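Participant:
Number of protein chains: 2
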Amino acid sequence: MKKLINTPESVLSDALAGIAAMHPELRVDAANKTIVRADAPRPGKTALVSGGGSGHEPLHGGFVGPGMLDAACPGEIFTSPVPDQILAAARAVDSGNGVLFVVKNYTGDVMNFQLAADIATDEGIGVRTVLVNDDVAVRDSTWTAGRRGTGATVFVEKIAGALAERGADLDKVAELAERVNAASRSFAIALTACTTPAAGRPGFELPGDEIEIGVGIHGEPGRSREKLRSARELAEIALGAILADRSPEPGEQAIVLVNGLGGTPLIELYIMAAEVAAILSRHEVPIAANLVGNYVTSLDMAGVSISLCHADTEMLDLWAAPVATPALRWGC
Amino acid sequence: MKKLINTPESVLSDALAGIAAMHPELRVDAANKTIVRADAPRPGKTALVSGGGSGHEPLHGGFVGPGMLDAACPGEIFTSPVPDQILAAARAVDSGNGVLFVVKNYTGDVMNFQLAADIATDEGIGVRTVLVNDDVAVRDSTWTAGRRGTGATVFVEKIAGALAERGADLDKVAELAERVNAASRSFAIALTACTTPAAGRPGFELPGDEIEIGVGIHGEPGRSREKLRSARELAEIALGAILADRSPEPGEQAIVLVNGLGGTPLIELYIMAAEVAAILSRHEVPIAANLVGNYVTSLDMAGVSISLCHADTEMLDLWAAPVATPALRWGC
């Protein structure tokens, strides 16, 4: 294993030190392992908190800032944050207007966020939770009951975050977050496995000419293992699964995320983006907005995920609203 | 070789199709292989054109837009753009106020940009060229006479681009670009080799526990091949070389780029960033601004480069000025 680390045990705390050093607009709590907007809690604002295992950067710490999350609580690599940590994040950002937990649907995350929500509620913090479960590849997996949460997390955090920034109350923000999740679908393809620092070797074996179709963001198995194909064929497989699961309704336009899993060069993501655009054009699905790059990664895994949000006009307006985070920044 | 491509021959044109589809604010000329600001030529504005081999994305196409480049001309993978292509970019953006060529110091690039400059001059286009040569690792290499151009390209394009956006003339923009380059230093470390689509296998062999200290962005050899070390030790090596070559002068502050070479997870880059910040603090070098992420890559190479610009107040002001490109965006 070759990684730019000090020790496998200190990966998260060392990375948090880097975020603290390079982002003075964020406040890193090294003891609780939280990343918080420096100006939190914001009076009158519904707060958004997300978290999950580390190894998916920039998710979630890279999405903390005006117009998106108020705090992130990263767990150890591929490990849910603990309830105390989630609770610390909620306490740090609640202004009395309540907190929305954005939780990717993995068993450990769901359980720990639920425990934290129960305690926070007992303390008088209003909490609502939205589960993100956009991955159409498989139902139930080694990590999940139901669908896994992946790229749509970016859509949910950006769009609901913008509504919260405009002053909407917790129920309205939660309701919109659920609508965004319901309108979003994802599908991923891995070319290589990823290596966690603790394990020191790839999480699964993938022969030199094979790929995993429908892989999860921790390397969970997908639908099938197949021979490598062209970018065009892979885009057809991914978008075929996505559009078969939910086709656009009248008035909707697509927000598209062509997401690298961590080890894939940007030039390959743009090749995939060209194929995605061609397929959507053929299906007469207009692309209103898009992101191409590494947003929800799986350490050093080579591969791509495609996410699509069938956005209505409110979602499109909120997507375009100002955001200022380490990983997403426009309009301010 | 496992890559998200259609054919090795069509990598650049397929990726350009993706940029065209996803960035309507840019104009892609598929025949000439140029990426141009959609609003170019801008009346009264000094234009900036850069280019070089592909495989370093987001450099340079990802830096086209208000506040940075007017056009980019990407060559084939690790291959200089041809003179006609550079000339097409210059013609597309010149408003009569002249064009600054930002050229990384590689033999092929220098020659082809010079040929293009000669023809452009004959056509009445004012051209000045700034050579970027910031890599302190080696003098002369398999690709270069003198120092290689790497991460400082981002500093030069951003800072000179901001001055051009404010209406400065060609000589002033060129003079500043030269000052930024002179104030910048870089050093890179590779953990793995990269694989070009045409070759289909890694460009060099690196045993499982060895790294290349001072590597170039095409995998050119560096200073030495050594056993893997901790992030802390690697940061010491890189910054030691950088600061030994040029220490800060009174009134200067650092702009720091902790740059992934394409295959390294962001969490590792933040670990390196923490070490870089600690070392600079010990040397009493204040960090005024920073970037952490993949900006000047080498396809799928795992590794990191550190770049440092000893910036004066004018450079810092221009660094902070609004920019709106696919890869750098703030303030607008």
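Protein sequence lines correspond, in order, to chains H and P.
The opening position of the first sequence corresponds to residue 1 in my numbering, with each subsequent residue numbered one higher.
The opening position of the second sequence corresponds to residue 1001 in my numbering, with each subsequent residue numbered one higher.
Just so you know, even glycine gets a beta-carbon here, dropped at the ideal spot from N, CA and C.
Only a predicted model underlies this, so the values are computations on that prediction, with no experimental measurement involved.
1. Hey, Ala311(H) and Ala288(H): beta-carbon distance below 8 Å or not?
2. Per DSSP, Asn290(H) is paired with what?
3. Tell me, please, whether the CB atom of Ala137(H) is closer than 8 Å to any CB atom in chain P?
4. At a Cβ threshold of 8 Å, is Ser307(H) touching chain P?
5. Could you pull out every residue in the same chain whose Cβ sits closer than 8 Å to the Cβ of Ile1125(P), ignoring the five residues on either side in sequence?
6. Identify, in the order they occur along the chain, each residue of the same chain with its Cβ nearer than 7 Å to the Cβ of Gly1062(P), setting aside the five sequence neighbours on each side.
7. Are the beta-carbon atoms of Gly357(H) and Arg223(H) separated by less than 8 Å?
8. Inspect the beta-carbon positions of Leu1087(P) and Ala1120(P) and report whether they are closer than 8 Å.
9. Smallest Cα separation from Phe1155(P): which of Pro1074(P), Thr1034(P), Arg1282(P) and Leu1069(P)?
10. DSSP three-state label for Leu1280(P), please.
11. Is there at least one Cβ from chain P nearer than 8 Å to Asn6(H)'s Cβ?
12. Is there a Cβ of chain P sitting closer than 8 Å to that of Ser224(H), yes or no?
13. Spell out whether any CB of chain P is found under 8 Å from the CB atom of Asn259(H).
14. Spell out whether any CB of chain H is found under 8 Å from the CB atom of Ala1312(P).
15. Contact check, Ile1189(P) vs Leu1234(P) under 8 Å by CB: the rounded distance?
16. Are the beta-carbon atoms belonging to His56(H) and Ser298(H) less than 8 Å from one another?
17. Within its chain, find whatever has a CB closer than 6 Å to the CB of Thr1142(P); leave out the 5 residues flanking it on each side and keep chain order.
18. Flag Asp1169(P) as yes if its beta-carbon sits less than 8 Å from any beta-carbon of chain H, otherwise no.
19. Mind checking if Thr192(H) is an interface residue toward chain P, Cβ cutoff 8 Å exclusive?
20. Starting from the beta carbon of Trp330(H), find every residue of chain P whose beta carbon is closer than 7 Å, and list them in chain order.
21. What are the complete alpha helix (DSSP H) segments, minimum 4 residues, inside the region 1082 to 1156 of chain P?
22. Determine contact between the region 130 to 145 of chain H and the region 99 to 114 of chain H, defined as no fewer than three beta-carbon pairs at a distance below 8 Å.
23. Alpha carbon to alpha carbon, what distance is there between Val173(H) and Thr313(H)?
24. Taking the alpha carbon of Val36(H) as the point to measure from, which residue in Gly263(H), Ala277(H), Arg27(H) and Gly44(H) has its own alpha carbon closest?
25. Below 8 Å, how does it come out for the region 1237 to 1255 of chain P and the region 1184 to 1199 of chain P: are there three or more Cβ pairs, yes or no?
26. Counting contacts by CB-CB distance shorter than 8 Å, is Val323(H) in contact with chain P?
27. With contact counted as at least three CB pairs below 8 Å, one residue from each stretch, are the region 1017 to 1024 of chain P and the region 267 to 282 of chain H in contact?
28. Looking at the C-beta of Asn105(H), does it have a partner C-beta in chain P at a distance below 8 Å?
29. Can you confirm whether Asn1032(P), when its beta carbon is compared against all beta carbons of chain H, has any partner nearer than 8 Å?
30. Could you check the C-alpha separation between Ala1082(P) and Leu1257(P) for me, to the nearest Å?
31. Using a Cβ-Cβ cut-off of 6 Å (strictly less than) and excluding sequence neighbours within five positions of Gly1052(P), which residues of its own chain qualify?
32. With H, G and I counted as helix, E and B as strand and the rest as coil, what does DSSP make of Met1001(P)?
33. Quick one: what does DSSP say Asp171(H) is sitting in, helix, strand or coil?
34. Excluding the 5 residues flanking Leu1206(P) on each side, which residues of the same chain have their C-beta closer than 8 Å to its C-beta?
35. In this structure, how does DSSP classify Ala1162(P) when only helix, strand and coil are distinguished?
36. Tell me, to the nearest whole angstrom, how far the beta carbon of Leu1004(P) is from that of Glu210(H); I am working on the premise that it is less than 8 Å.
Facilitator: Reading off the structure:
1. The residue given as residue 311(H) occupies position 311 in the first sequence. The residue given as residue 288(H) occupies position 288 in the first sequence. Yes, they are a contact pair.
2. In the first sequence, the residue the question calls residue 290(H) occupies position 290. Paired residue(s): Val256(H).
3. Within the first sequence, the letter at position 137 stands for residue 137(H). No, because no Cβ of chain P sits closer than 8 Å to the Cβ of Ala137(H).
4. In the first sequence, the residue the question calls residue 307(H) occupies position 307. Not closer than 8 Å to any Cβ of chain P, the Cβ of Ser307(H) fails to qualify, so no.
5. Numbered from its first residue, the second sequence carries residue 1125(P) at position 125. Only Ala1090, Arg1091, Asp1094, Gly1098 and Val1099 meet the Cβ criterion.
6. Here residue 1062(P) corresponds to residue number 62 of the second sequence, with the count starting at 1. These residues qualify, in order along the chain: Thr1325, Pro1326 and Ala1327.
7. Limits of chain H in this structure are 1 at one end and 332 at the other, which puts residue 357(H) out of reach.
8. One-based indexing of the second sequence puts residue 1087(P) at position 87. One-based indexing of the second sequence puts residue 1120(P) at position 120. For the 8 Å CB-CB criterion, Leu1087(P) and Ala1120(P) form a contact.
9. Taking the first residue of the second sequence as position 1, residue 1155(P) is located at position 155. Looking at Pro1074(P), Thr1034(P), Arg1282(P) and Leu1069(P), the one whose alpha-carbon comes closest to that of Phe1155(P) is Leu1069(P).
10. Here residue 1280(P) is taken as the residue at index 280 of the second sequence, counted from 1. Note: Leu1280(P) maps to helix in three-state DSSP.
11. As a first step, residue 6(H) must be located in the first sequence, where it is residue number 6. Yes, Asn6(H) counts as interfacial toward chain P.
12. Translated into the one-based positions of the first sequence, residue 224(H) becomes position 224. By this cut-off, Ser224(H) is not an interface position.
13. What you label residue 259(H) is simply residue 259 of the first sequence in a count that begins at 1. Output row for Asn259(H): interface = no.
14. Reading the second sequence from its first residue, position 312 is the one you call residue 1312(P). Residue 1312(P) is actually Asp in this sequence, not Ala. The beta-carbon of Asp1312(P) is placed no less than 8 Å from the nearest beta-carbon of chain H.
15. Within the second sequence, residue 1189(P) is the residue found at index 189, counting from 1. Within the second sequence, residue 1234(P) is the residue found at index 234, counting from 1. Between Ile1189(P) and Leu1234(P) a beta carbon distance of about 6 Å is seen, short of the 8 Å cut, so the two are scored as contacting.
16. Position 56 of the first sequence, counted from the start, is the residue given in the question as residue 56(H). Position 298 of the first sequence, counted from the start, is the residue given in the question as residue 298(H). Yes; because the gap between Cβ atoms is below 8 Å, this pair is in contact.
17. On the second sequence, residue 1142(P) is found 142 positions in, with the first residue counted as 1. Once the five neighbours on either side are set aside, the close Cβ partners of Thr1142(P) are Glu1220.
18. Reading the second sequence from its first residue, position 169 is the one you call residue 1169(P). Closer than 8 Å: no.
19. Here residue 192(H) is taken as the residue at index 192 of the first sequence, counted from 1. Yes - at least one Cβ of chain P is within 8 Å of the one on Thr192(H).
20. Counted from its first residue, the first sequence places residue 330(H) at position 330. Chain P residues near Trp330(H): Arg1329.
21. Listed in chain order, they are 1083 to 1093 and 1107 to 1122.
22. Touching, yes.
23. Position 313 of the first sequence, counted from the first residue, corresponds to residue 313(H). Position 173 of the first sequence, counted from the first residue, corresponds to residue 173(H). Cα-Cα distance, rounded: 16 Å.
24. Along the first sequence, one-based indexing puts residue 36(H) at 36. Here the closest residue by C-alpha is Arg27(H).
25. yes
26. By one-based count along the first sequence, residue 323(H) stands at place 323. Chain P contact via Cβ: absent.
27. yes
28. Locating residue 105(H) in the first sequence gives position 105, where the first residue counts as 1. It does not: the Cβ of Asn105(H) has no partner Cβ on chain P nearer than 8 Å.
29. Indexing the second sequence from 1 puts residue 1032(P) at position 32. No, Asn1032(P) lies away from the interface with chain H (no Cβ there is under 8 Å from its Cβ).
30. Here the question's residue 1082(P) lines up with position 82 in the second sequence. Here the question's residue 1257(P) lines up with position 257 in the second sequence. The residue you asked about is not Ala; residue 1082(P) is Val in the sequence shown. Whole-angstrom Cα-Cα distance: 29 Å.
31. Position 52 of the second sequence, counted from the first residue, corresponds to residue 1052(P). Shown here for Gly1052(P): same chain residues with a beta carbon closer than 6 Å to its own, the five before and five after excluded, namely Lys1104 and Asp1109 in chain order.
32. As a first step, residue 1001(P) must be located in the second sequence, where it is residue number 1. Met1001(P): coil per DSSP, three-state reduction.
33. Translated into the one-based positions of the first sequence, residue 171(H) becomes position 171. It is helical.
34. Counting from one through the second sequence, the residue named residue 1206(P) turns up at place 206. Contacts found: Ala1190, Leu1191, Thr1192, Ala1193, Glu1212 and Arg1225.
35. As a first step, residue 1162(P) must be located in the second sequence, where it is residue number 162. Here Ala1162(P) sits in helix by DSSP.
36. Here residue 1004(P) refers to the residue found at position 4 of the second sequence. Here residue 210(H) refers to the residue found at position 210 of the first sequence. Going by Cβ atoms, the distance from Leu1004(P) to Glu210(H) rounds to 15 Å, so no, they are not a contact pair.
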